[in-house]
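Undergrad:
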Amino acid sequence: MIIRGELPPGSQTQETKLSKELGVSRTPLREAMKVLAAEGLIELRPNRSPRIADIAVDGISELFEALAGIERLAAELAAERATERDLVRLRTLQTRMEGHHRSGKLDDYFALNGEIHNTIVRMARNTPLREAHETLIFRAERARYLALGADRRWSNSVDEHADILAALEARDGEAAGRLLGAHVARTGTALLEVLAASQAKRPAA
911 MIIRGELPPG SQTQETKLSK ELGVSRTPLR EAMKVLAAEG LIELRPNRSP RIADIAVDGI
971 SELFEALAGI ERLAAELAAE RATERDLVRL RTLQTRMEGH HRSGKLDDYF ALNGEIHNTI
1031 VRMARNTPLR EAHETLIFRA ERARYLALGA DRRWSNSVDE HADILAALEA RDGEAAGRLL
1091 GAHVARTGTA LLEVLAASQA KRPAA
């Protein structure tokens, strides 16, 4: 709900309402809040309702720079190490994702998009690389979802994924790495544009 903007940045959580919506009591909800606070998604405040954390603009560029580097290397290795079965699975995911794009199903598209990125990293068959990616990708989830709402970013993302897959199927590691690294970097840029536009619309204090 936080990642998809249903609980927007800056809003206060309503414990009673959330408990009913999620079908849980307040005790596990409060424990979940502590975990989300540790992950930077919620701010816990003494004697006040927890607040949905803002997206930290200052760290966006560095976060996506790191992700772009990791995924670029992963694609280079995956082009060499992926099995034919891996590539068939990736093609299947791509086809399904394109279907969600045509149908306008953003949430389903987003889920498959993330699965494709994770699959490419796993195809590199490098455990430290995969572990580093898992650590960072979670921090970028909310940002990635928001970036898809940028003008033209969704359609551009589909086309970029198709080119990345083609390079992997051709076993062209240099092209696959370059394309995936640029793809991730553009997502970070799109997010910064969305955040800048949002801030520009806010009324002056």
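Here my numbering is used: the first residue of the sequence shown is 911, the next is one more, and so on. Glycine included, each C-beta is placed from N, C-alpha and C at the ideal position.
Beta carbon of G1083, beta carbon of E990: below 8 Å?
TA: Cβ distance < 8 Å, so G1083 and E990 count as in contact.
Undergrad: Quick check: what's the CA-CA separation for R972 versus I912?
TA: Note that residue 972 corresponds to Glu in the displayed sequence, not to Arg. So the alpha carbons of these two residues sit roughly 22 Å apart.
Undergrad: Would you mind sorting A1107 into buried or exposed? The rule is 16 or more other CB atoms within 10 Å of its CB.
TA: Under this definition A1107 is an exposed residue.
Undergrad: Sort A1086, V1104, E1103 and L1105 by Cα distance to A978 and report the nearest one.
TA: It is A1086.
Undergrad: So I1030 and L954 are in contact, right, with Cβ under 8 Å, and what is the actual spacing, rounded?
TA: Going by Cβ atoms, the distance from I1030 to L954 rounds to 36 Å, so no, they are not a contact pair.
Undergrad: L932: buried (16+ other C-beta within 10 angstroms of its C-beta) or exposed?
TA: Burial call: exposed.
Undergrad: Using three-state DSSP, classify S1065 as helix, strand or coil.
TA: Looking at S1065 - three-state DSSP - the assignment turns out to be helix.
Undergrad: Any contact between the stretch 959-968 and the stretch 916-932? By contact I mean 3 or more CB pairs, one from each, below 8 Å.
TA: Contact holds: three or more Cβ-Cβ distances are below 8 Å.
Undergrad: Start and end of the beta strand (DSSP E) containing R955?
TA: I952 to R955 is the extent of the beta strand (DSSP E) around R955.
Undergrad: On the three-state DSSP scale, how would you describe I962?
TA: Strand at I962.
Undergrad: Considering just the uninterrupted stretch of the alpha helix (DSSP H) at L977, what are its terminal residues?
TA: Its alpha helix (DSSP H) spans residues V967 to R991.
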